[in-house]
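Encoded as structure tokens, the structure appears first; notes follow it.
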Amino acid sequence: MSGFLLTLRRMGRAMVGAPDYDAYLRHMREHHPDTPVLSEAALFRERQEARYGGKNGGKCC
């Protein structure tokens, strides 16, 4: 994927609150090498819960 498309993808994911998995992997490798990493799906769920306050974002529906 070209640099422009990668940048566009990162911007789009940031706009909807989706984490940058590659950046997460780099951070974990550099700062927490002995800690197991989350899968991309698990990271997404964890970030959504952190952003919206848990299951269903604290809403009933």
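Here the numbering used here is used: the first residue of the sequence shown is 366, the next is one more, and so on.
Don't be surprised by glycine CBs; every beta carbon is placed ideally from N, CA and C.
Quantities reported herein were computed from a predicted structural model and do not represent experimental measurements.
When rounded, the separation of the alpha-carbon atoms in residue 409 and residue 373 is 19 Å. For residue 399, the three-state secondary structure derived from DSSP is coil. Rounded to the nearest whole angstrom, the C-alpha separation of residue 400 and residue 393 is 7 Å. According to the DSSP assignment, residue 415 belongs to the alpha helix (DSSP H) that extends over 405-417. Judged by DSSP in its simplified three-state form, residue 380 adopts helix.
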